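Take a look at the structure below.
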Amino acid sequence: MKNTKTQKVVGIGLFTAIIVVLQLVASVIKFGPFSITLVLAPIVIGAALYGIGAGAWLGLVFGASVLISGDAAVFLPINPIGTVITVLLKGLLAGLVAGAVYKAIECRNKTVAVVCAGIACPIVNTGIFILGSYLFFKEWLVSVFGTTAFVTVFTGLVSINFVIELAINMLLASVIVRIIDIGKKQIKTKNK
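Once you know that position 189 of the sequence shown is 188 in numbering that gives the first Met the number 0, the rest is easy, because the numbers rise by one and skip nothing.
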């Protein structure tokens, strides 16, 4: 039992490091004011291997990395509390939901579970971002861009960013299934 807990802590630690590094690298890849998120796939893998709590933790680490990397710098001066809430909550819930979706479907079909978790993760991430932007930054964004331009530009940028993130997860889905299989086999082998 102790060996399993140690393996889980080490595994989650490795995924934590991967997420921090990937987010720092991704912060340079910009699409308009937003960077493309590369860390959703490791969040899905970590959630599938180590559970819903691990998914939530990895998502929270992603959110903290976004704040540290400067990706949220545009929003911080406008509403610091709203920025922190939005960024941390979108990451945490994306990981939590990805883990819950994977766990709910895994016993029926692992590939479908990964695909569904891979779809849920960017939907939640983008959905919470849009909700947070509406709640905390709508007035500022409208004052900067105007109502029509705000809707057009914001919707366009967020939609394209979402499609890219979703495509990355879908392209990696089969690879993610193999990584999960290998990871679970190694965990079982070491526990015997």
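The beta-carbon is built from N, C-alpha and C at its ideal position, and this holds for glycine as well. Computed from a prediction, not measured in an experiment: that's the story for all the values here.
Item, Value
"Measure the alpha-carbon distance for T147 versus L140 and round it to whole angstroms.", "11 Å"
"Hey, quick one: how far does the alpha helix (DSSP H) through A71 stretch, first residue to last?", "Note, A71: premise wrong, no alpha helix (DSSP H); not H, not E."
"My guess is that G81 and G131 are in contact by the Cβ rule of under 8 Å, so how many angstroms apart are they, rounded?", "7 Å"
"Looking only at its chain, what residues have a beta carbon closer than 6 Å to the beta carbon of I44, apart from the 5 residues adjacent to it on each side?", "I175 and I178"
"Quick one: any contact between the stretch 10-25 and the stretch 54-74, if contact means 3 or more CB pairs under 8 Å?", "yes"
"Going by alpha carbons, who is nearest to G12 out of K137, I42 and I35?", "I42"
"Would the stretch 43-60 and the stretch 91-104 be scored as touching if the rule is three or more Cβ pairs under 8 Å?", "yes"
"I need the straight-line Cα distance from F154 to L88, nearest angstrom please.", "It is Thr, not Phe, that sits at residue 154 in the sequence shown. Cα-Cα distance, rounded: 21 Å."
"What residue range is occupied by the uninterrupted alpha helix (DSSP H) comprising V43?", "L39 to Y49"
"Taking the alpha helix (DSSP H) that G94 falls in, what are its first and last residues?", "P79 to E105"
"Can you give the beta carbon distance from L48 to G182, rounded, assuming they're within the 8 Å contact cut?", "5 Å"
"Which residue from L134, V111, N160 and F135 puts its Cα closest to that of P121?", "N160"
"Write down the C-beta distance between F136 and I84 rounded to the nearest angstrom, noting that I regard them as a contact closer than 8 Å.", "Contact doesn't hold; Cβ gap of about 12 Å is too wide."
"Take F128 and list the residues in its own chain whose beta-carbon comes closer than 6 Å to its own, dropping the five residues that flank it on each side.", "K89"
"Between V73, F14, A119 and S26, which has its C-alpha nearest N168's C-alpha?", "A119"
"When you compare only the Cα positions, how much space is there between G10 and Y101?", "18 Å"
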